[in-house]
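K.L.:
Please see the structure below; I have some questions.
2 protein chains.
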Amino acid sequence: MSIFLSTDLKYLQPYVPGEQPQDRRYIKLNTNESPFPPAPGAVVAAAEQAANLNLYSDPTCLPLKRAAADVYGLAPENVMAGNGSDENLAHIFRAFLTDKGIAFPDITYGFYPVLCSLLGIAHKVVPLRADFSIAVGDYKDVDCPVCIANPNAQTGIYLPPAEVQRLIEQSASRLVIVDEAYIDFGGQSCAPLVNKYKNLIVVQTMSKSRSLAGARVGFAFACAELIADLEAVRASFNPYNINRMSMAAAAASLSDSGYFADCTKKIQLVRQYTAINLNELGFEVLPSMSNFLLARHPAKGGEELYLALKERGILVRHFGDERIKDYIRVSIGTREQMDAFLGAVRAVIAEDV
Amino acid sequence: MSIFLSTDLKYLQPYVPGEQPQDRRYIKLNTNESPFPPAPGAVVAAAEQAANLNLYSDPTCLPLKRAAADVYGLAPENVMAGNGSDENLAHIFRAFLTDKGIAFPDITYGFYPVLCSLLGIAHKVVPLRADFSIAVGDYKDVDCPVCIANPNAQTGIYLPPAEVQRLIEQSASRLVIVDEAYIDFGGQSCAPLVNKYKNLIVVQTMSKSRSLAGARVGFAFACAELIADLEAVRASFNPYNINRMSMAAAAASLSDSGYFADCTKKIQLVRQYTAINLNELGFEVLPSMSNFLLARHPAKGGEELYLALKERGILVRHFGDERIKDYIRVSIGTREQMDAFLGAVRAVIAEDV
């Protein structure tokens, strides 16, 4: 740490992303990437822009915003586009922070508390139920902004739209941020509700269901007033935040609804297949509406399993949080990748017999 | 403005980038872009990554950091890579802010005061001399971080390395940020000094001299301790901040020193040609070591000239600041573009005769 670091950052604990090891080839099921390439039109559109990189990208992002708005029958004024969801979340937390902090579940996306610590705001932890579902009633008296992931990160558990609306309706003067990074794998987005509820922000990413993790594009959907506030913060931080290639790839991807439907359907089928097989191997598997499964084995600890699988060339993710430390999180890849994963799991379990 | 906007942001004035009009084709000399395409290898490297966008980019940016470090004989530990210079500046201002604010010249990059306002910190303005040069002596008693652009934004005036070192040496306990966005057009970088001076951060961008404005890649160079602090902030804000395509393009561009030398040399020659021609037309032209010129005509106001040129399909930039409102800023394009610009200027001036 240098002598110049701002005193309020001395205890900053940065977010630790899933490993991206460069030493050998793994079957990578640890960062919830899509196993499918981007939509063909997206690849072409991105490559076409490579020769034009001497010119800045369009700082208004208007064509991209329009493409994202069209998916939900919204207007471009209802959309902010960002260099990935994390950036959008950072702007949202910054724009709407209060001295009361921000509330979110105990088990959720680990980036939320990091952002709070960077911004110097408190966070109020509202524990999930014993079955890891969100108890909306527990937020009734929370008087600071609320942020939930739906489906929830790490668990994959989905909160039905009626419950999300109940959360939003608890107080019109309280902001509710719904992070829908994993909504496209069977859930129903709340984005169409942003003009009905002026206290709702829906966050989405193109990293998972759109196969564009490496392009870094995400969106925030909200009423025009909230988006105007967010755009002011974005333009004060990084006015040209999305590069030309990613902007073109994202717009092209959004226009290919057939490829998108095909990929997300496949993930859901392979998810079901993987869950059934894990159950048969004795695992408890949380009910997931995302592109990953959180699962635990009665005889093998989460970290132990993670390490044994890594040795066999399969990367999954393990979290140290007390409530989920016995689990592993496995991203849903192709059927072939999941068969390799299941084979490795079988081998690891058999070792102890 | 929504009712939810944080009270400290109610007067936020976002940065206003130069126009990127979509209505008609202009000769665009308003945002200091390069008129040359990126290095051929950069175009190929970027396009190759388009098919791999389903996978996240490497959050360590190690190969890119190594390529940038190599240019100055530094180590990867001396480099932070960001999604453009603005993002890096935002992280630097955030990481090292003090309750005394940040000091910079009255005429400089307009993004610095915007960042201060976003971060809720004061900024101390130290006026340039009457000839628009930086008076290093005026910073002697400044006890907060100092940020200068060298060559300076808007003026193009270069502060020689000995003067920069004098600024750094005024106080070892005061941070000095040197924004070298325009250093490659004839200046000498201070990046090699970052291990000598533990209070120095050098900021560079690939947007200008490397023809990669649309890719969004910039660097901060500093001693390992300062970079470690910056990396903690970066990873707390957006761990995967550079997309796969831009990362590959930037590394490839840095490896092509021949193309780089060729492009930056051409810009310097055309800059000289343009300045001479403007002088002949009666303009006062500030001595520029950048890829733009700040110039004023005795009979035509800056705004008037800007509007008349725009009508003729030539985009330059005009700033409303009192000290430079009589000037226009024109980016250096190709010889052909500058001839078109000079022709339009001649026509505009002739109108009044």
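Residue numbers (our numbering), protein chains in the order written: chain Y, 1 to 353; chain D, 1001 to 1353.
All C-beta atoms in this analysis are idealised placements derived from N, C-alpha and C, irrespective of residue type, glycine included.
Closer than 6 Å by C-beta to residue 136(Y): which residues in its own chain qualify, once you throw out the five before and the five after it? Chain order, please.
P.N.:
Walking along the first sequence from the start, residue 136(Y) turns up at place 136. These residues qualify, in order along the chain: 163, 166 and 167.
K.L.:
Does the segment 1180–1196 of chain D touch the segment 1050–1059 of chain D, meaning 3 or more C-beta pairs lie closer than 8 Å?
P.N.:
Not touching, per the Cβ criterion.
K.L.:
Measuring CB atoms only, is the segment 1079–1087 of chain D touching the segment 236–244 of chain Y, in the sense that at least three cross pairs come out at less than 8 Å?
P.N.:
Yes, the segment 1079–1087 of chain D touches the segment 236–244 of chain Y.
K.L.:
Shortest alpha-carbon distance to residue 1215(D) belongs to which of 1290(D), 1060(D) and 1252(D)?
P.N.:
Taking the first residue of the second sequence as position 1, residue 1215(D) is located at position 215. It is 1252(D) whose Cα lies nearest to the Cα of residue 1215(D).
K.L.:
Can you tell me where the beta strand (DSSP E) with residue 358(Y) in it begins and where it stops?
P.N.:
Nothing in the structure corresponds to residue 358(Y), since chain Y is present only between 1 and 353.
K.L.:
Would you say residue 1076(D) lies against chain A (beta-carbon separation less than 9 Å)?
P.N.:
Among the chains of the structure shown, chain A does not appear; the protein chains present are Y and D.
K.L.:
Rounded C-beta distance between residue 1255(D) and residue 1041(D)? I'm assuming under 8 Å.
P.N.:
On the second sequence, residue 1255(D) is found 255 positions in, with the first residue counted as 1. On the second sequence, residue 1041(D) is found 41 positions in, with the first residue counted as 1. Indeed they touch by this definition, with Cβ atoms about 7 Å apart.
K.L.:
Per the DSSP calculation, residue 218(Y) is bridged to which residue(s)?
P.N.:
Taking the first residue of the first sequence as position 1, residue 218(Y) is located at position 218. Answer is 82(Y) and 205(Y), bridged to residue 218(Y).
K.L.:
Give a yes or no on whether the C-beta atoms belonging to residue 1286(D) and residue 1156(D) are separated by under 9 Å.
P.N.:
The residue given as residue 1286(D) occupies position 286 in the second sequence. The residue given as residue 1156(D) occupies position 156 in the second sequence. Yes, they are a contact pair.
K.L.:
Might you give, ordered along the chain, the residues of its own chain that have their beta carbon closer than 8 Å to the beta carbon of residue 1306(D), omitting 5 neighbours on each side?
P.N.:
Translated into positions along the second sequence, residue 1306(D) becomes position 306. Excluding residues within five positions, the ones whose Cβ falls inside 8 Å are 1316, 1317, 1318 and 1328.
K.L.:
Is any beta-carbon of chain D found at less than 9 Å from that of residue 332(Y)?
P.N.:
Within the first sequence, the letter at position 332 stands for residue 332(Y). Output row for residue 332(Y): interface = no.
K.L.:
Under the rule that 16 or more other beta-carbon atoms within 10 Å means buried, what is residue 151(Y), buried or exposed?
P.N.:
For the purposes of this step, residue 151(Y) is identified with residue 151 of the first sequence, where counting begins at 1. Its Cβ being crowded by 16 or more others within 10 Å, residue 151(Y) is buried.
K.L.:
Residues in its own chain within less than 8 Å of residue 1026(D) by CB, not counting five upstream and five downstream?
P.N.:
Here residue 1026(D) is taken as the residue at index 26 of the second sequence, counted from 1. Counting only Cβ-Cβ distances below 8 Å, and skipping sequence neighbours, we find 1310, 1313, 1314 and 1315.
K.L.:
Using CA atoms only, rank isn't needed, just tell me which of 261(Y), 226(Y), 143(Y) and 75(Y) is closest to residue 209(Y).
P.N.:
Looking up residue 209(Y) in the first sequence gives position 209. Among 261(Y), 226(Y), 143(Y) and 75(Y), the Cα nearest to that of residue 209(Y) belongs to 261(Y).
K.L.:
Does residue 33(Y) have its Cβ less than 9 Å from a Cβ in chain D?
P.N.:
Walking along the first sequence from the start, residue 33(Y) turns up at place 33. Yes, its Cβ sits closer than 9 Å to a Cβ of chain D.
K.L.:
Tell me which same chain residues have a C-beta within less than 8 Å of the C-beta of residue 1199(D), skipping the five on either side of it?
P.N.:
Here residue 1199(D) refers to the residue found at position 199 of the second sequence. Excluding positions up to five away in sequence, the list reads 1168, 1171, 1172, 1173, 1174, 1175 and 1176.
K.L.:
For the candidate residues 10(Y), 23(Y) and 43(Y), whose alpha-carbon lies nearest to that of residue 249(Y)?
P.N.:
Within the first sequence, numbered from 1, the residue matching residue 249(Y) stands at position 249. Residue 249(Y) has its Cα closest to that of 43(Y), out of 10(Y), 23(Y) and 43(Y).
K.L.:
Looking at C-alpha atoms only, which residue of 1331(D), 1134(D) and 1088(D) is the closest neighbour of residue 1103(D)?
P.N.:
The residue given as residue 1103(D) occupies position 103 in the second sequence. The option with the nearest alpha carbon to residue 1103(D) is 1134(D).
K.L.:
For residue 222(Y), which option in 280(Y), 194(Y) and 290(Y) has the closest C-alpha, if you only look at C-alpha atoms?
P.N.:
What you label residue 222(Y) is simply residue 222 of the first sequence in a count that begins at 1. Of the listed residues, the one whose Cα sits closest to residue 222(Y) is 194(Y).
K.L.:
Between residue 1049(D) and residue 1067(D), what straight-line distance do the alpha-carbon atoms span, to the nearest angstrom?
P.N.:
Taking the second sequence and counting its residues from 1, the one referred to as residue 1049(D) is at position 49. Taking the second sequence and counting its residues from 1, the one referred to as residue 1067(D) is at position 67. Rounded to the nearest angstrom, the two C-alpha atoms are 18 Å apart.
K.L.:
If I'm right that residue 212(Y) touches residue 38(Y) with Cβ under 8 Å, what's the distance once you round it to whole angstroms?
P.N.:
As a working mapping, residue 212(Y) is identified with position 212 in the first sequence. As a working mapping, residue 38(Y) is identified with position 38 in the first sequence. Contact flag correct, Cβ pair sits at about 6 Å.
K.L.:
Would you verify that the beta carbon of residue 1005(D) is, or is not, closer than 9 Å to some beta carbon of chain Y?
P.N.:
By 1-based counting over the second sequence, the position of residue 1005(D) is 5. Yes - at least one Cβ of chain Y is within 9 Å of the one on residue 1005(D).
K.L.:
Using DSSP with H/G/I as helix, E/B as strand and the rest coil, what is residue 200(Y)?
P.N.:
Numbered from its first residue, the first sequence carries residue 200(Y) at position 200. Here residue 200(Y) sits in strand by DSSP.
K.L.:
Quick one: is residue 260(Y) near chain D, going by C-beta distance under 9 Å?
P.N.:
Translated into the one-based positions of the first sequence, residue 260(Y) becomes position 260. With 9 Å as the cut-off, residue 260(Y) does not count as an interface residue toward chain D.
K.L.:
Starting from residue 244(Y), find everything on chain D with Cβ-Cβ shorter than 8 Å and list it in chain order.
P.N.:
Translated into positions along the first sequence, residue 244(Y) becomes position 244. Near residue 244(Y) (Cβ distances below 8 Å), the residues of chain D are 1214 and 1215.
K.L.:
So which of 1149(D), 1075(D) and 1144(D) has the shortest CA-CA distance to residue 1107(D)?
P.N.:
Along the second sequence, read from residue 1 onward, the residue named residue 1107(D) stands at position 107. Checking every option, the nearest Cα to that of residue 1107(D) belongs to 1149(D).
K.L.:
Jot down the residue ranges of each uninterrupted beta strand (DSSP E) in the segment 207–290 of chain Y, minimum 3 residues, whole runs only, in chain order.
P.N.:
Segments of the beta strand (DSSP E) lying fully in the segment 207–290 of chain Y: 218–221.
K.L.:
Got a sec? Which residues, its chain only, sit under 6 Å from residue 1342(D) by beta carbon, not counting five neighbours each side?
P.N.:
For the purposes of this step, residue 1342(D) is identified with residue 342 of the second sequence, where counting begins at 1. The residues are 1277.
K.L.:
Quick check: what's the CA-CA separation for residue 1010(D) versus residue 304(Y)?
P.N.:
What you label residue 1010(D) is simply residue 10 of the second sequence in a count that begins at 1. What you label residue 304(Y) is simply residue 304 of the first sequence in a count that begins at 1. Near 51 Å, if we compare the C-alpha coordinates of residue 304(Y) and residue 1010(D).
K.L.:
Quick check: the Cα distance between residue 288(Y) and residue 332(Y), rounded to an integer number of angstroms?
P.N.:
Numbered from its first residue, the first sequence carries residue 288(Y) at position 288. Numbered from its first residue, the first sequence carries residue 332(Y) at position 332. Those two C-alpha atoms are separated by around 11 Å.
K.L.:
Suppose contacts are defined by Cβ-Cβ distances below 9 Å. Is residue 1000(D) in contact with residue 232(Y) by that definition?
P.N.:
Residue 1000(D) cannot be examined here, being either before or after the span of chain D that is shown, 1001 to 1353.
K.L.:
Is residue 92(Y) helix, strand or coil when you go by DSSP?
P.N.:
Within the first sequence, the letter at position 92 stands for residue 92(Y). Correct three-state label for residue 92(Y): helix.
K.L.:
Looking at the structure shown, is residue 331(Y) part of a helix, part of a strand, or coil, going by DSSP?
P.N.:
As a first step, residue 331(Y) must be located in the first sequence, where it is residue number 331. If DSSP states are grouped into helix, strand and coil, residue 331(Y) belongs with the strands.
K.L.:
Short of 8 Å in beta carbon distance, which residues of its chain neighbour residue 273(Y), apart from the five on each side in sequence? Order them along the chain.
P.N.:
As a first step, residue 273(Y) must be located in the first sequence, where it is residue number 273. Excluding residues within five positions, the ones whose Cβ falls inside 8 Å are 335 and 338.
K.L.:
By the DSSP assignment, the alpha helix (DSSP H) with residue 47(Y) in it spans what residues?
P.N.:
In the first sequence, counting from the first residue as 1, residue 47(Y) sits at position 47. Looking at the DSSP string, the run of the alpha helix (DSSP H) that includes residue 47(Y) is 40–49.
K.L.:
Which one of 300(Y), 349(Y) and 229(Y) has the shortest CA to CA distance from residue 325(Y)?
P.N.:
As a first step, residue 325(Y) is located in the first sequence; it is residue number 325 there, counting from the start. That would be 300(Y), whose Cα lies nearest to the Cα of residue 325(Y).
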